[in-house]
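Engineer:
Numbering (UniProt numbering), first residue to last: 1 to 946.
1. Is it true that the CB of residue 301 sits closer than 8 Å to the CB of residue 337?
2. Which value, in whole angstroms, describes the spacing of the CA atoms of residue 769 and residue 788?
3. Using DSSP with H/G/I as helix, E/B as strand and the rest coil, what is residue 801?
4. DSSP three-state label for residue 745, please.
5. Using a threshold of 8 Å, state whether the C-beta atoms of residue 60 and residue 69 are closer than that.
6. Here's the rule I'm using: 16 or more other beta-carbon atoms within 10 Å means buried, otherwise exposed. How should residue 800 be labelled?
7. Quick one, are the C-beta atoms of residue 196 and residue 187 less than 8 Å apart?
8. Note down, in chain order, each residue of its chain lying with its Cβ closer than 8 Å to the Cβ of residue 113, except the 5 sequence neighbours on either side.
9. For the 8 Å Cβ check, are there 3 or more pairs between the segment 383-398 and the segment 456-471?
10. Out of 870, 264, 719 and 419, state which residue places its alpha-carbon closest to the alpha-carbon of residue 845.
11. Applying the 10 Å Cβ sphere with the 16-neighbour rule, what's the burial state of residue 579?
12. Can the beta-carbon of residue 446 be found closer than 8 Å to that of residue 377?
13. Taking only the alpha-carbon atoms, compute the straight-line gap between residue 24 and residue 16 and give it to the nearest angstrom.
14. Closest by CA to residue 142, which one among 152, 323, 162 and 167?
15. Which class does residue 75 belong to by DSSP, given the choice of helix, strand or coil?
16. On the criterion of 16 or more Cβ atoms from any shown chain inside 10 Å, does residue 490 qualify as buried, or is it exposed?
17. Bridge partners for residue 38 per DSSP, in chain order?
18. Going by DSSP in three states, residue 257 sits in which element: helix, strand or coil?
19. Going by alpha carbons, who is nearest to residue 134 out of 124, 126, 145 and 125?
20. Report buried or exposed for residue 345, applying the criterion of at least 16 other Cβ atoms within 10 angstroms of its Cβ.
21. Of all the CB atoms in chain C, is at least one closer than 8 Å to the CB of residue 127?
22. Residues in its own chain within less than 7 Å of residue 281 by CB, not counting five upstream and five downstream?
23. I'd like to know if the segment 206-225 and the segment 347-360 are in contact, where contact means that at least 3 CB-CB pairs between them fall below 8 Å.
24. Residue 320 by DSSP, collapsed to three states: which one?
25. Reducing DSSP to helix, strand and coil, say where residue 776 ends up.
26. Under the assumption that residue 804 contacts residue 908 (Cβ atoms under 8 Å), give the Cβ distance between them as a whole number of angstroms.
27. Find out if the Cβ-Cβ distance for the pair residue 339, residue 237 is shorter than 8 Å.
28. Is the separation between the beta-carbon of residue 481 and that of residue 406 shorter than 8 Å?
29. Kindly confirm or deny that the segment 402-422 and the segment 295-314 touch, where touching means at least three C-beta pairs closer than 8 Å.
30. When the Cα atoms are used, what is the spatial distance from residue 354 to residue 903?
31. In the DSSP assignment, the beta strand (DSSP E) including residue 906 goes from what residue to what residue?
32. Exposed or buried, which one is residue 895 when buried takes at least 16 other CB atoms within 10 Å?
33. Buried or exposed for residue 220, going by 16 or more other Cβ atoms inside 10 Å?
34. Thinking residue 191 and residue 139 are a contact (beta carbons under 8 Å), I'd like their distance in whole angstroms, please.
35. What does the Cβ neighbour count give for residue 268, buried or exposed, with the cut at 16 atoms within 10 Å?
36. Tell me the DSSP bridge mates of residue 416?
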């Protein structure tokens, strides 16, 4: 089967196209294997490309004067294609219907797509089980990484590597997999900071005989320990779970799982959700409905009810983990739809990293793609297709809608905007990328998806797409967010279902404009405050006016309505996001700074290390005097220097004012000397400037092995049938080539000539050391008092993957010490580089005269400068008039933590050699695949002899 066989009419002249983003235009329509291409005949000469996979159905609207094909797409857009001849219209309709429903994997468009944008990183490497296991192993040692599913014989829908309890053997896991539906045995989904875990699995196969599996019981119970209890969240009703026993399924018995409490939270099946999906889209496309009829259709679709139910179940799961401090096991029937909705949403609620762009994409990769959600079955058709398949369902769409509800309730807690959710929804149903292709990792690996397609994450993280997906009002918020699940809190996702009414672009422009205006008003507020201060100073210095005082009223800005509001007494306290405050949460008092950012209201005090005590030695500027802490005593946390609360700079200042546009920020000081008061054996030659190679590692016994022998007699040869099949496959990939000549061609003789491509990859590790420093804001300091520093090759540092370039930087234990900052002499601030410490600069509008020359009515008038109000000087906006700025080296903390930094470099060097007898260039042979006759991975590979 080829593309050309289904394209009955490849080119049609005198056609007309109209769509939501296309005004009626005449042109030529062409059909290819993957696209309908429309070439306009107007002055713009535009091309409009419609992907066949995005077309859900084609409707015929024929009349006497025109034949219209309505292309109903999966992104809810409709395109109207008018064709003069009815026969050509029928041919185009039949071709699109066949090409849009192709199921053969080799014909899918992601295998043919070649990007035109730069790829900064491979999106397939964004998430891996090894990366996920690193934070899990750091929190607890009761988990391990298992390769039991490396051949996908235990569970076809699970990834090859799985995180399992360390106390459970692989044999016990195999028995537990046979006891669970589809082999989906309990695996960890998320490990909270309190040590409690969320696990997911399929339903147990208890049946009517109430079967049990002791290995499964031990696997589930070992997560809790002896003194904890857990919850089993079943996304079915109790009646549905009991009915499943008649079909071989069932649920966990409280007698066999005594430490677990079972909770039923019913979520609808995919078929019911699909019907709601169809009804809500039909309601959105009906433009003739009145307001009452529209609200009635929206309510009867029950779409928002499904979204609210899933969100409530996720909140219940998050409450069990964070509030109750209990582990959670989630499953429904097969564990691939409602189970993934609950576990992934719970992580968005609990983990702030999942609310960033990279964290959210990693969450989808882990909890949906690698967890075995069948995207190929669930998203094969959308809502317009007449072919209703039972396996279709909008599970992923409901999950994205729930995230949309969270984003509406917490608009400042998400790094991404609604546009990212719409992109994910559209690409899940039709995409040029291979991320959502196939149902599980086994199918993706069999079709070599990583090497033959481009990841969607590569595009979303590129410079072309990433700026359009960022939330401009995002502020990182640690901790848990608790949404409201009341019906009044549900929002309709108009950006998805009503793309014509999408105002995200307009809202984004309005937000950016508003933020810019706020910044300008705050700068004007600073100028007015400085002017009031000058007037108060003049009044105090005047003779006989000691009783004169000035009082100014400053206006703050409300974060919610962006309107002028009187300041609250005791400082501005921004409301916490969400519909309610979690129990036990305290509302801190804040004061709004001049930059618009709230900071805790606390008195500025000098760090305890630098407070003068009776009998102590006064520390001169520039003297690096400090004593290493002894025992478990650590330096107290310093207070960060803040320019808003700082006093006027009283050091060396310049003689003359500086023009406000003449100064240039200087470079930072050169690297400081290492702390010489520390005696670190083995690191005497380590410096700050250049990294010192650590030398060779400790010697080890070289691996030995016999030379590898290759039997050339077992190599496969190309037959005439193979050559003809390859030719036909090449012709099928070319949209403009016919296959008639290739089918009629006969191959009379084939002369075989083997070529050998030898590839050698050398994976090496190098280590180097140098002194490094970071601002010290408090915390544990691992100094020499804790023991001698280990050697560079004694520090444990592993690699994430073999034959991958990687660089890791690690602090060598027992080498840290806290010293006063060398750049600011332990003060936390430096003299302002703009005003040279004077706190004011010369006005550039009037050149410091306070007057401006204005030509009016043919004469020159001297008027007071509107910028400096006639003073000739303006307050320095860099230091806010204090004459000093925060030290960039220590970030205002006045202290630096010095330590020896170990740089571990894993390098992979690739070399190859080609042996062949023909005249073909080596580049052609290097880019083709063949039979692997030898593959060896060892510390030292053997010599090849034939």
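Here a beta-carbon is modelled for each residue, glycine too, at the ideal position from N, C-alpha and C.
Structural biologist: The structure says:
1. Reading the chain shown from its first residue, position 337 is the one you call residue 337. Reading the chain shown from its first residue, position 301 is the one you call residue 301. No, these two residues do not count as a Cβ contact at 8 Å.
2. In the chain shown, residue 769 corresponds to position 769, counting from 1. In the chain shown, residue 788 corresponds to position 788, counting from 1. Near 16 Å, if we compare the C-alpha coordinates of residue 788 and residue 769.
3. As a position in the chain shown, residue 801 is number 801, starting the count at 1. Three-state DSSP puts residue 801 in coil, outside helix and strand.
4. Here the question's residue 745 lines up with position 745 in the chain shown. Correct three-state label for residue 745: coil.
5. Taking the first residue of the chain shown as 1, we reach residue 60 at position 60. Taking the first residue of the chain shown as 1, we reach residue 69 at position 69. In contact: residue 60 and residue 69 (Cβ atoms closer than 8 Å).
6. The count along the chain shown starts at 1 and reaches residue 800 at position 800. Looking at its Cβ environment, which holds fewer than 16 other Cβ atoms inside 10 Å, residue 800 is exposed.
7. Your numbering for residue 196 matches position 196 in the chain shown. Your numbering for residue 187 matches position 187 in the chain shown. No; because the gap between Cβ atoms is not below 8 Å, this pair is not in contact.
8. Here the question's residue 113 lines up with position 113 in the chain shown. Excluding positions up to five away in sequence, the list reads 432, 433, 453 and 454.
9. no
10. For the purposes of this step, residue 845 is taken as residue 845 along the chain shown, with counting starting at 1. The candidate whose alpha carbon is nearest that of residue 845 is 870.
11. Numbered from its first residue, the chain shown carries residue 579 at position 579. Residue placement at residue 579 is poorly supported in this model, since its pLDDT is 34, which falls under 50; the coordinates still yield a value, given next. The residue in question, residue 579, is exposed, as its Cβ has fewer than 16 Cβ neighbours within 10 Å.
12. Your numbering for residue 446 matches position 446 in the chain shown. Your numbering for residue 377 matches position 377 in the chain shown. No.
13. Your numbering for residue 24 matches position 24 in the chain shown. Your numbering for residue 16 matches position 16 in the chain shown. Answer to the nearest angstrom: the Cα atoms are 7 Å apart.
14. As a working mapping, residue 142 is identified with position 142 in the chain shown. Nearest option by C-alpha distance: 167.
15. In the chain shown, counting from the first residue as 1, residue 75 sits at position 75. Coil, per DSSP.
16. By one-based count along the chain shown, residue 490 stands at place 490. Buried.
17. As a position in the chain shown, residue 38 is number 38, starting the count at 1. The partner list for residue 38 (beta bridge, DSSP) reads 29 and 48.
18. Along the chain shown, one-based indexing puts residue 257 at 257. The answer is coil: DSSP assigns residue 257 none of H, G, I, E or B.
19. Taking the chain shown and counting its residues from 1, one reaches residue 134 at position 134. Comparing Cα-Cα distances from residue 134 to each of 124, 126, 145 and 125, the minimum goes to 145.
20. Against the chain shown, residue 345 aligns to sequence position 345. By the 10 Å Cβ count, residue 345 comes out buried.
21. Protein chain content of the structure displayed is limited to a single chain, and chain C is not contained in it.
22. Locating residue 281 in the chain shown gives position 281, counting from the first residue. Here the set comprises 76, 383 and 497.
23. no
24. One-based indexing of the chain shown puts residue 320 at position 320. Looking at residue 320 - three-state DSSP - the assignment turns out to be helix.
25. Numbered from 1 along the chain shown, position 776 holds the residue referred to as residue 776. Three-state result, residue 776: coil.
26. For the purposes of this step, residue 804 is taken as the residue at position 804 of the chain shown. For the purposes of this step, residue 908 is taken as the residue at position 908 of the chain shown. Yes, they are in contact, since the Cβ atoms of residue 804 and residue 908 sit about 6 Å apart, within 8 Å.
27. Locating residue 339 in the chain shown gives position 339, counting from the first residue. Locating residue 237 in the chain shown gives position 237, counting from the first residue. Going by C-beta atoms, residue 339 is not nearer than 8 Å to residue 237.
28. Indexing the chain shown from 1 puts residue 481 at position 481. Indexing the chain shown from 1 puts residue 406 at position 406. Yes, Cβ-Cβ distance for residue 481 and residue 406 is below 8 Å.
29. yes
30. Here residue 354 refers to the residue found at position 354 of the chain shown. Here residue 903 refers to the residue found at position 903 of the chain shown. Straight-line Cα distance between these residues: approximately 29 Å.
31. Taking the first residue of the chain shown as 1, we reach residue 906 at position 906. 895-915 is the extent of the beta strand (DSSP E) around residue 906.
32. Here the question's residue 895 lines up with position 895 in the chain shown. By the 10 Å Cβ count, residue 895 comes out buried.
33. The residue you call residue 220 lines up with position 220 of the chain shown. With 16 or more Cβ atoms within 10 Å of its Cβ, residue 220 is classed as buried.
34. Position 191 of the chain shown, counted from the start, is the residue given in the question as residue 191. Position 139 of the chain shown, counted from the start, is the residue given in the question as residue 139. Contact flag correct, Cβ pair sits at about 6 Å.
35. Reading the chain shown from its first residue, position 268 is the one you call residue 268. With 16 or more Cβ atoms within 10 Å of its Cβ, residue 268 is classed as buried.
36. Here residue 416 refers to the residue found at position 416 when the chain shown is read from its first residue. BP columns for residue 416 point to 470.
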